[in-house]
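Participant: So in the working numbering, spot 100 of the sequence shown is number 570, and the numbers just go up one at a time.
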Amino acid sequence: MYPGSMFCLSMKEKLESSRPTIQNLSFPKGIGKEELFQNLVIRPVVKLLHDLLMVHFKQYLTTKKIAFSQLSEKEKTNFIESSFNKDLTFRSEIRGLVIGHFSTDEFLLYATMQRGLNKRINSILKERINSNRQNFIDE
Numbered sequence: 471m472y473p474g475s476m477f478c479l480s481m482k483e484k485l486e487s488s489r490p491t492i493q494n495l496s497f498p499k500g501i502g503k504e505e506l507f508q509n510l511v512i513r514p515v516v517k518l519l520h521d522l523l524m525v526h527f528k529q530y531l532t533t534k535k536i537a538f539s540q541l542s543e544k545e546k547t548n549f550i551e552s553s554f555n556k557d558l559t560f561r562s563e564i565r566g567l568v569i570g571h572f573s574t575d576e577f578l579l580y581a582t583m584q585r586g587l588n589k590r591i592n593s594i595l596k597e598r599i600n601s602n603r604q605n606f607i608d609e
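#1: In whole angstroms, give me the CA-to-CA distance for Ile599 and Pro498.
#2: Could you give the C-beta distance for Phe530 and Phe560, rounded to a whole number, given that I count them as a contact under 8 Å?
#3: What residue from Leu595, Gly502, Arg585 has the CA that sits closest to Glu551's CA?
#4: Thinking just about the alpha-carbon of each residue, which of Arg603, Lys534, Thr582 is nearest to the one in Phe503?
#5: What's the gap between the Cα of Glu563 and the Cα of Ile607?
#6: For the candidate residues Thr533, Val525, Ser542, Phe549, whose alpha-carbon lies nearest to that of Leu567?
#7: Could you spell out where the alpha helix (DSSP H) holding Ser562 opens and where it closes?
#8: Suppose the cutoff is 8 Å on Cβ atoms and the five residues either side in sequence are ignored; what does the same chain contact list for Leu522 look like?
#9: Do you know offhand how far Leu519's Cα is from Val511's?
#10: Under 7 Å Cβ to Cβ from Gly586, same chain only, skipping five residues before and after it: list those, please.
#11: Compute the distance between the beta-carbons of Ile536 and Arg565, then report whether it is under 7 Å.
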């Protein structure tokens, strides 16, 4: 494709067109800006990045030398929670994978609600990792 071509998609269009759609999302009257952003941007990005996020967490377990399959269910939950709460590098890296898939406009909107959206991103990522524990068996 040539830069001036009518077939050339903008970065925003490329990012948005690559995201999967999420079925059964509801948008009740009076929905807040953070929740709307979460449902329209964050959830599709997390769904798109599922495999990468799982590989990233598995690599994190390897780096930390954690035998995840040897942990009890409670210990697994506690480890995942602790990883997000205490390991600032891990939390920043995994959140950055998500934020890196925002368009410029989405990032500028994210920046206005950063604190609340970071909590939402962390919560979604923790839930996704917890619900995919079977992917982290030792090799």
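Think of the CB as a built atom: it goes at the ideal place given N, C-alpha and C, for glycine as much as any other residue.
These figures come from a predicted structure and were not determined experimentally.
Facilitator: Put simply:
#1: Rounded to the nearest angstrom, the two C-alpha atoms are 28 Å apart.
#2: Note that residue 530 corresponds to Tyr in the displayed sequence, not to Phe. Phe560 and Tyr530 do touch by the CB rule: their CB atoms are close to 6 Å apart, below 8 Å.
#3: Measuring from the Cα of Glu551, the nearest candidate turns out to be Leu595.
#4: The sequence as given places Lys at residue 503; Phe does not occur at that position. Answer by Cα proximity: Thr582.
#5: Counting only the Cα atoms, Ile607 lies some 22 Å from Glu563.
#6: Ranking the options by Cα distance to Leu567, first place goes to Val525.
#7: The continuous alpha helix (DSSP H) containing Ser562 extends over residues 558 to 569.
#8: Annotation for Leu522: Leu567 place their beta carbon closer than 8 Å to its own, counting only its chain and skipping 5 residues before and after.
#9: Each residue's Cα considered, the two are about 12 Å apart.
#10: Apart from sequence neighbours up to five positions away, the residues of its chain that approach Gly586 with a beta-carbon distance below 7 Å are Glu504, ordered along the chain.
#11: In this structure, the beta-carbon distance from Ile536 to Arg565 does not fall below 7 Å.
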